[in-house]
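Residue numbers (the working numbering), protein chains in the order written: chain A, 1 to 263; chain B, 1001 to 1627.
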Amino acid sequence: MTPELAGVEVDGLTVRYGGKTAVEGLTLAAPLGRVTGLIGPNGAGKTTTFGAVSGLVPPSAGTVRLFGGDVSRRSAAARARLGLGRTFQRPEVCPSLTVMDNVALGCEALAAGGNLWRQIVPRRNDTARLRKQAAQALAACDITELADTPVAALSVGQRRLVELARVQAGDYRMLLLDEPSSGLDPAETARFGAIVRGLVAESGAGVLLVEHDMSLVMEVCDYLYTLDFGRLIFAGTPAETRASAAVRAAYLGDDDALSAVEG
Amino acid sequence: MSDLLPFIVVGVAAGSVYGLAGLGLTLTYTTTGIFNFAHGALAAAAAFVFFTMHVDWSWPWPVALALAVIGVGVIGGLLVERLARSLSIVDAATAVVATVGLLLAVQGLIQWRYGTAARQLEPFLTGTAVHLGGVAVTRQQAATVLVGLVAAGGVLAFLRFSRLGVQMRAVVGNPDLLALAGTDPTPVRTAAWIIGSGFAALSGVLIAPFLGLEATLLTLLVVQAFGAVAIGRFRSLPLTYAGGVALGIAANILTKEFAGRPALGGLPSSLPFIVLVVALVLWPPRTVGRGNAASFDAERADRRWPAQARLAAIGVGAATLVALPHLVGPKLPSYTAAAALVVTFVSLALLVRGSGQISLCHAAFGAVGATAFSHFASSSGLGLPWFAALLLAGAAAVPIGALVAIPAIRLSGVYLALATFGFAILMERVAYPTGVMFGATGSRHAPRPSFAGGDTALFYVTVAMAAAACLLVVVVSRTRLGRLLRGLAESPTALTTNGLSTNVTRLAAFAASAFLAGVAGALLAVGAGNVNGRSFASFNSLLYLVVLAVAGRRLVPSAIIAAGLLAVAPAYVPDELVAHQALLFGVTIVVLLAVRGMTIRPRTTRTAERLEGSPVHSRLLERGATV
Chain A
1 MTPELAGVEV DGLTVRYGGK TAVEGLTLAA PLGRVTGLIG PNGAGKTTTF
51 GAVSGLVPPS AGTVRLFGGD VSRRSAAARA RLGLGRTFQR PEVCPSLTVM
101 DNVALGCEAL AAGGNLWRQI VPRRNDTARL RKQAAQALAA CDITELADTP
151 VAALSVGQRR LVELARVQAG DYRMLLLDEP SSGLDPAETA RFGAIVRGLV
201 AESGAGVLLV EHDMSLVMEV CDYLYTLDFG RLIFAGTPAE TRASAAVRAA
251 YLGDDDALSA VEG
Chain B
1001 MSDLLPFIVV GVAAGSVYGL AGLGLTLTYT TTGIFNFAHG ALAAAAAFVF
1051 FTMHVDWSWP WPVALALAVI GVGVIGGLLV ERLARSLSIV DAATAVVATV
1101 GLLLAVQGLI QWRYGTAARQ LEPFLTGTAV HLGGVAVTRQ QAATVLVGLV
1151 AAGGVLAFLR FSRLGVQMRA VVGNPDLLAL AGTDPTPVRT AAWIIGSGFA
1201 ALSGVLIAPF LGLEATLLTL LVVQAFGAVA IGRFRSLPLT YAGGVALGIA
1251 ANILTKEFAG RPALGGLPSS LPFIVLVVAL VLWPPRTVGR GNAASFDAER
1301 ADRRWPAQAR LAAIGVGAAT LVALPHLVGP KLPSYTAAAA LVVTFVSLAL
1351 LVRGSGQISL CHAAFGAVGA TAFSHFASSS GLGLPWFAAL LLAGAAAVPI
1401 GALVAIPAIR LSGVYLALAT FGFAILMERV AYPTGVMFGA TGSRHAPRPS
1451 FAGGDTALFY VTVAMAAAAC LLVVVVSRTR LGRLLRGLAE SPTALTTNGL
1501 STNVTRLAAF AASAFLAGVA GALLAVGAGN VNGRSFASFN SLLYLVVLAV
1551 AGRRLVPSAI IAAGLLAVAP AYVPDELVAH QALLFGVTIV VLLAVRGMTI
1601 RPRTTRTAER LEGSPVHSRL LERGATV
């Protein structure tokens, strides 16, 4: 893999909560310009992996590289400023603010960064530029009509779209999307898949996706990593994953997922 | 070693009491998710009830002890439970305000009934001392330790073996599941509150003979149990008890070691607060995501008045202020004090309403500003021009604000409230008496500006400063920092993962707030002419927060109303009422929160966030229950 294509690379990642190992010895790569999937049954360690990659969860061992550089010791905010955006399984939004303000606040946070002066005084014309950027992202996610609605009044699915708009407005080169389709109806899910594919095709951004909707995973992902009990049990293309006996064993008993894996 | 033994004996006795109080606090916090700041006030109440029955009415001590503990335990427990039930779905800030309000109410009630003068309570267990390894142990001390051990062992056995105890542990684990299984969590919580309050009551009665009966002192001494609770990491009952005993021993040994050094005299008794602050900062208790982020409802755009109405209101207000000195006559100094307090309240509102961070140490910022101003402006000090000294006084408070930002970076919600309160008490005990601050004489002179020597001129100057502070806060809240702080109150994770270094933001907020609070302290000092440490007592910080909560939700108007309530209203009511100001505000906020179910933030999101912020949720994420 050429360095300019490198997105997120995780090497030997181990995360323990107290005495419990959530992720052990995980190695994966999510390059730019591709959609990489991270799947596995509940409790497999997917969200923990996201936490460690984005800098919110301290790993016990292993390194995280972003665009070729080691960011293991950088803060979550510093990783975001390098171009790593993420969404959450349970959307992290400000409920009392409107949709527009939420998305604009994301841009503003990025513009303010770690500089005390910039957190107090915006650059000239910054505020107007950021709102324009936010408005474009709302349009891309098809939620312009919700712009003035307080987020508190939105469904979980709509909140996910607010988060998606926020990472889009931030112009991140690498996106971590945590279960973006849960809470979305089938039509919204299909639209979401199109948004993600479009994003990757247009901007060349990389996406690392945690997802339970197997049909969406099989449709949008270029490559899949399958976790079970914190360990990597399979890595391969969707077709290879579908054929893997190990993956089928991990999902045994989960009929919906199994049938989707089986195609 | 042998010369330390007597101190260790006293330490074990006092420590058992802290441990007991800490047990009650940890038990109620883990079962209900509400940290009861009024715990110490309940202890004080029980001590006074015991005093009345045993000394005034000459009842035998076992009867008085049993009635005081059971009476205060049950009544206090039911009262707190009622309050906590209204709070069970609100944010951490409201819960802190409610229990701090209860503290002020209970303590005010005691002072109303018994006055503020300290009384002596003779040890009620008399008889010959027991000799233990050459050290005389009084019966009272031995009994205290024994009662402490029995009660601690009893509650642990109760939780492990009794049905109610198991249910209590289940409430901690998952209240909804318990409800589904056919057990209503409410009576279980009620039982926890009664047991917890009973422990507070017992500790109050036991400690009173060692310390004398004084409401504030007793309340504060049980506040020392906060240190024990921090050692127990807000979860473990055995560790809490052991921590209490260890603190008692350590504080007494330090007392001996520092006996010859009066400069460090405040240190031993402050040990529990040092432990509290350090433990909180070094090992922050686990909070989940934004769950514990506390926020008073931020000012919402749709609540604002139309522009013309605002302008008209400002115009009328300004005209009234100009005319005021000619209307109120000799009461003018109260208005000057109120104008200075407006600055204090906007600086607090900037933090609490603007960014959801609780500060219980604003009086300490004020004290730093007042003493710094005295150094800069008075002729015996640097003799700088008045305005320069005022700004420098604010600047002097900035490093202190930055220091408090360290806990703020690592903690939120109730833990931040505790850390700042611990810091406020430390400042009061260790820093106030030093020569740099109020010194041995206890008083500092703050000169008036040369151009405004008269009361009227000083009033105008103070009002101008207050207006400037309000304007500054409004500008901050409407520009980038204000937006970022508002986001920080609701979802710090979202801002962090969007590239904001929230540490810097929190630092900026605390520094700005401390600057304004420092200026306010200087203005208060100028208005009064001379100030001492009592003007900036740590309890004032509690009062500020409660009064601000009573005064409504809007940033600047609530600050003005709060200042009016605290400084102007007393000039127009009978003196007896003024003496019980804290009681009135405490009762008001408790009634507002408990009876009217007043909320401090929008309803829609509270349930989910409350759930997540509770130790219940964080414990779900952890291995096993330690209780």
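We put the CB at the ideal spot given by N, CA and C, even for glycine.
Since we're looking at a predicted model, the values are computed, not measured.
Next on the checklist: Tell me the rounded alpha-carbon separation between B:Thr1138 and B:Thr1240.
Outcome noted: 25 angstroms
Next on the checklist: Check this for me: beta carbons of B:Ile1194 and B:Gly1073, under 8 angstroms apart or not?
Outcome noted: yes
Item to check | Closer than 7 angstroms at the beta carbon, the chain B residues around A:Leu110 | outcome: Asn1498 and Gly1499
Next on the checklist: Which runs of the alpha helix (DSSP H) at least 4 residues long sit entirely within the segment 1151-1177 of chain B? Give them in chain order.
Outcome noted: 1163-1173
Checklist entry - Leaving out the 5 sequence neighbours to the left and right, which residues in its chain are closer than 8 angstroms to B:Glu1299 when beta-carbon positions are compared? => result Its pLDDT being 40, under 50, B:Glu1299 is placed unreliably by the model, and nothing is read from it.
Next on the checklist: Please identify the residue among A:Pro238, A:Val71 and A:Val247 whose C-alpha is closest to the C-alpha of A:Cys221.
Outcome noted: A:Pro238
Next on the checklist: Once DSSP output is grouped into helix, strand and coil, what is the label at A:Glu9?
Outcome noted: strand
Next on the checklist: Short of 7 angstroms Cβ to Cβ, which residues in the segment 1461-1480 of chain B face chain A?
Outcome noted: Arg1480
Item to check | Stretch pair the segment 1467-1485 of chain B + the segment 132-147 of chain A: three plus CB contacts closer than 8 angstroms | outcome: no
Checklist entry - Just curious, the beta strand (DSSP E) that B:Met1427 is in, first and last residue? => result Note, B:Met1427: premise wrong, no beta strand (DSSP E); not H, not E.
Next on the checklist: When you measure from the CB of B:Ala1068 to every non-hydrogen atom of the ligand ADP, does any distance come out below 7 angstroms?
Outcome noted: In the structure shown, the ligand ADP is absent, as is every other ligand, since no ligand is present at all.
Checklist entry - Given a limit of 9 angstroms on CB to CB distance, which residues of the segment 111-123 of chain A reach chain B? => result Ala111, Ala112, Gly113, Gly114, Asn115, Leu116, Arg118, Gln119, Ile120, Val121 and Pro122
Checklist entry - So, does the CB of B:Ser1491 fall closer than 8 angstroms to a CB anywhere in chain A? => result yes
Checklist entry - Counting contacts by CB-CB distance shorter than 8 angstroms, is B:Ser1016 in contact with chain A? => result no
Checklist entry - Listing by chain order, which chain A residues have their CB less than 8 angstroms from the CB of B:Leu1713? => result This structure leaves residue 1713 of chain B out entirely; chain B is present only between 1001 and 1627.
Checklist entry - What does A:Gly170 reach in chain B if we use C-beta pairs closer than 8 angstroms? => result Asn1498 and Gly1499
Checklist entry - Beta-carbon of A:Glu179 versus every beta-carbon of chain B: anything under 8 angstroms? => result no
Checklist entry - How would you list, in chain order, the residues of chain A whose beta-carbon sits under 7 angstroms from the beta-carbon of B:Thr1505? => result Gln119
Item to check | Cross-strand partners of B:Thr1183 (DSSP beta bridge) | outcome: DSSP output for B:Thr1183 lists no bridge partner at all.
Item to check | Span of the alpha helix (DSSP H), counted from its first residue to its last, around A:Arg159 | outcome: Val156 to Ala169
Checklist entry - Distance, Cα to Cα, B:Pro1185 vs B:Leu1177? => result 10 angstroms
Item to check | Reduced DSSP category for A:Gly25 - H, G, I as helix; E, B as strand; rest coil | outcome: strand
Next on the checklist: Determine, for A:Glu219, whether the minimum Cβ-Cβ distance to residues of chain B falls below 8 angstroms.
Outcome noted: no
Next on the checklist: So within the segment 1327-1406 of chain B, which uninterrupted alpha helix (DSSP H) runs reach at least 4 residues, ignoring any that extend past its ends?
Outcome noted: 1332-1355 and 1362-1377
Item to check | Beta-carbon neighbours of B:Leu1495, restricted to chain A and to distances below 7 angstroms | outcome: Ala109
Checklist entry - Got a sec, what are the start and stop residues for the alpha helix (DSSP H) B:Asp1575 sits in? => result Asp1575 to Ala1579
Item to check | Beta carbon proximity, A:Val23 to chain B, threshold 8 angstroms | outcome: no
Checklist entry - Can you name, in chain order, every residue of its own chain whose Cβ lies under 8 angstroms from the Cβ of A:Thr14, other than the five neighbours on each side? => result Thr21, Val23, Glu24, Gly25, Leu26, Pro59, Ser60, Ala61 and Gly62
Checklist entry - With B:Thr1190 and B:Ala1041 assumed to form a contact (beta carbons below 8 angstroms), what rounded beta-carbon distance in angstroms separates them? => result The pair is not a contact, with the Cβ atoms about 19 angstroms apart (cut-off 8 angstroms).
Item to check | A:Asp178, buried or exposed, once every other Cβ within 10 Å from all chains shown has been counted against 16 | outcome: buried
Next on the checklist: Is the beta carbon of B:Ala1157 closer than 8 angstroms to that of B:Gly1019?
Outcome noted: no
Checklist entry - B:Gly1011 to B:Gly1101, Cα distance in whole Å? => result 31 angstroms
Checklist entry - How about B:Asn1503 and A:Gly106: are their beta carbons less than 8 angstroms apart? => result no
Item to check | Minimum Cβ-Cβ distance from A:Leu56 to chain B less than 8 angstroms | outcome: yes
Checklist entry - Taking 8 angstroms as the CB-CB limit, is B:Gly1487 close to chain A? => result yes
Checklist entry - Measuring CB to CB, does B:Ala1045 end up less than 8 angstroms from B:Val1106? => result yes
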